[in-house]
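Below: one structure, written as C-alpha cells.
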Amino acid sequence: MKHFLLYTFIITSLFLCAPSFAQQEEEPVSKTFRVRFKTVKEFEPLVKAILSNRGQLKSSEALNMMVVVDRPSYLVQITNLLSEFDKPAQQFIIEIQLLLGSDDPKVKTVPDSTAIHELLDPLYSYSKYEELDKVYIRTEEKSLTLFDLAEGQFSIIFEVDYIPGTESPVRFRQFTLSEYLNDISGKYAKPVYTSSAELKEDIKEVFAAIKHEGTGKTLILIVTAHRI
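Residue numbers (our numbering): 7 to 234.
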C-alpha cells in the first residue's frame, strides 16, 4: 500500500509540474529561402520531405525562392539542407588532344610522343604522332558542350558530372567525336566515337584509337579533366 501511494504521488507530481504539450510545442513562424545556384523546383521536394505536420510552403519559380511556415527547429533543418544543396556547378577545364598515329617516316611527331606511346595499348602504339589539334575547353557539370576541332574537320559534344569522394570522380555522361564530311546533300557530321567514361582528375586518358578511313592512319583521342 505504501508503494502504491508513493507511485501515485510521483506520477501526480510529474503531471502537475510538467508543461502541457501545447506549451512545449514550438509555434510556426515564416522564413524566406532564396535558391541562388540551383532551382527552387529541384529544392521543393526535398523541403516537403522534412516539413512537420504543421509546415506549409509556397514557392515562386520566377523568383527562384520559397516561403516556408513551420516550427523554428524545422526551419533550421531546411537552412542546413539549403546550404548543402545550393552550391555552384563544378567548373572544369577539359583538355582534348586529337592525333593521327602512324609509322610514316615523313610525319613530324609531337614533342610528347614518348608519353603518348606509353599511354597506348601496344596494338595501337606508333613511332609517329601527328597532332591535329589540342584544345582547352572550359565547361561546368551538367552542361552540354559542343566544340569544333582541327579547323572544323571534327567536332566533340560532351556532358560532365562530378561525383566527389570516388576514385574516378569526373564522369562523362556522354562523349561523341564526329568528323565533318561532304556528300551530294552537303556537309554532315559522322560520329566516329561515342561513349560514356569515368576519369581521374589531372590524368591523361586515351578515350579512343580508331582507324581513320580518310588516311589509313589511327585517330587517337586523349582527354584530361582539370577541376577548377
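All C-beta atoms in this analysis are idealised placements derived from N, C-alpha and C, irrespective of residue type, glycine included.
What you are looking at is a predicted structure, and each value in this text was computed from that prediction instead of being measured.
- Boundaries for Tyr-135: no alpha helix (DSSP H) harbours it, while the beta strand (DSSP E) harbouring it runs 134-146, taken from the DSSP string.
- Between Phe-160 and Leu-104 a beta carbon distance of about 6 Å is seen, short of the 8 Å cut, so the two are scored as contacting.
- Rounded to whole angstroms, the gap between the alpha carbons of Pro-94 and Ala-55 is 23 Å.
- When DSSP states are grouped into helix, strand and coil, Gln-103 belongs to the strand group.
- Rounded to the nearest whole angstrom, the C-alpha separation of Tyr-199 and Ala-214 is 7 Å.
- Restricting attention to alpha helix (DSSP H) runs no shorter than 4 residues, the stretch 199-228 encloses none.
- Nearest C-alpha to Ile-234 among Val-113, Phe-181 and Ile-100: Ile-100.
- Note that the C-beta distance between Phe-98 and Val-166 is below 8 Å.
- For Asn-70, the secondary structure class from DSSP, reduced to helix, strand or coil, is coil.
- By the criterion of a C-beta distance shorter than 6 Å, Ser-119 is surrounded in its chain by Tyr-135, once the five residues flanking it on both sides are discounted.
- Residues Phe-164, Glu-165 and Ser-202 of the same chain have their beta carbon placed closer than 7 Å to that of Gln-180, with the five preceding and five following residues left out of the count.
- Looking only at Val-176, Lys-148, Ile-226 and Thr-221, the smallest Cα-Cα distance to Ile-209 is reached by Val-176.
- Within its own chain, the residues whose Cβ lies closer than 6 Å to the Cβ of Ile-162, once the five positions on either side in sequence are excluded, are Phe-153 and Leu-183, listed in chain order.
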